[in-house]
Amino acid sequence: MSAGPVIAIVIPCYNEQDALPVSIPKMLEILDVMVTDNIVAPESYILCCNDGSKDSTWQTITDLHAQDPRVKGISLAHNRGHQKVLLAGLMTVRNNCDAAVSIDADLQDDPKAIIEMVKRFRQGDEIVYGVRSSRATDTWFKRTSAHAFYSLQKKMGVETVFDHADYRLMSNNALNLLAEYGEANLFLRGIVPHIGLKTGIVTYERAERVAGESKYPLSKMLSFSIDGITSFSAKPMRIIFTIGMILLFLDIAVAIWVLIAYFRGITIHGWASLMLSVWFLGSLILIGLGIIGEYIGKIYIEVKHRPRYAIAEKIW
Ligand code: UDP
Ligand code: MG
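Pasting the structure below:
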């Protein structure tokens, strides 16, 4: 690695015509610094991934390429969302680089952290997560909802990195392992830790967007959060089963209460039998749903065709 590794910076872009002319030169600057310092190879480049933008993002990318051929681009036929366009970009560069760094187009993630990430990579880390040291520039709502979401995910047994979005470096090896994940419901923040390998963390300050508005309205954020849990965990279904079992035990107390009321003669005709069957059948139905859910969970995991193991190193 004496000439330095070839690094690809992969940027998902949706309606970023205003941000790209500011952010791309900044990232080229970072590449220049790293090339000068002999940290990366001069062939390192940027891949802008247009996610079916409605504005002139693709034209902007074409212009930037004309100015500097290190700026490359791909364009999706439709808007497929942040996660999918990012995967498209990573899969495009995976055989043309030693490591790829994914970063948003809006400079909210400090691009200087790339230098630190590459240093970690050169020291042997295969995945380096960018982690926000503070969320001061996020709105109160975004901050609180994000933290509630991380905690909920953790409780549901999903392994993710706290305060890490999709700003990360992945080695060529890690990218090849990522390619083995065939699932359609992409939640990269869960998949990448699932890959394993040697990981490192680089912290940075999160800034304001350089231009334009957030492309993540509340509705997209919510569906992303639900994806994040349901793509990784069958726990919600287990909760149904547990509730059913708890109710079944409660049935004993209910039965005692109903029978006392019945023998004291303070019930109307038919109430006792109705109460008992409603409670008993209710818990049986929940238990039944939980059991079915357990099988559906297994089927769900099977159809994803996730790799069953990942070999990190090999001596032959
Ligand atoms: N993005 C995308 N497709 C989408 C939505 C967003 O490629 O459908 C990109 C967007 O251009 C940006 C990144 O994903 O580079 C993160 O989006 P944004 O900055 O709007 O999200 P926020 O930082 O507000 O969570
Ligand atoms: Mg942003």
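Letter by letter, the sequence shown follows residues 1 to 316 of our numbering.
Cβ atoms here follow ideal geometry from the backbone N, Cα and C, with glycine treated the same way.
{"Asked": "Euclidean distance between Cα positions of residue 58 and residue 186", "Found": "24 Å"}
{"Asked": "Terminal residues of the beta strand (DSSP E) in which residue 170 lies", "Found": "168-171"}
{"Asked": "Residue 14 Cβ short of 8 Å to the ligand UDP heavy atom set", "Found": "yes"}
{"Asked": "beta-carbon residue 17 near the ligand MG non-hydrogen atom, thresh 8 Å", "Found": "no"}
{"Asked": "Meets three-Cβ-pair contact criterion under 8 Å: the segment 40-52 and the segment 68-83", "Found": "yes"}
{"Asked": "Distance between beta carbons of residue 163 and residue 210, contact taken as under 8 Å", "Found": "Actually they are not in contact, since the Cβ atoms of residue 210 and residue 163 sit about 21 Å apart, beyond 8 Å."}
{"Asked": "Residue 147 beta carbon near the ligand UDP (any heavy atom closer than 8 Å)", "Found": "no"}
{"Asked": "Short Cβ contact (9 Å threshold) for residue 240 with residue 290", "Found": "yes"}
{"Asked": "Those residues which DSSP pairs with residue 132 across a bridge", "Found": "204"}
{"Asked": "Residue burial classification, residue 288 (beta-carbon count within 10 angstroms, cutoff 16)", "Found": "exposed"}
{"Asked": "Near the ligand MG: residue 209 beta-carbon under 8 Å from a heavy atom", "Found": "yes"}
{"Asked": "Span of the beta strand (DSSP E) around residue 99", "Found": "99-102"}
{"Asked": "Under 9 Å between C-beta atoms of residue 128 and residue 168", "Found": "yes"}
{"Asked": "Cβ neighbours of residue 255 in the same chain (closer than 7 Å, five flanking residues each side left out)", "Found": "276"}
{"Asked": "For residue 1, the three-state DSSP class (helix, strand or coil)", "Found": "Only weak support exists for where residue 1 lies, its pLDDT of 47 falling under 50; the value from the coordinates is given anyway. Residue state, collapsed to three classes: coil."}
{"Asked": "Those residues which DSSP pairs with residue 47 across a bridge", "Found": "10 and 72"}
{"Asked": "Exposure label - residue 82; buried when at least 16 CB within 10 Å", "Found": "buried"}
{"Asked": "Cβ neighbour criterion (16 or more within 10 Å) applied to residue 165", "Found": "buried"}
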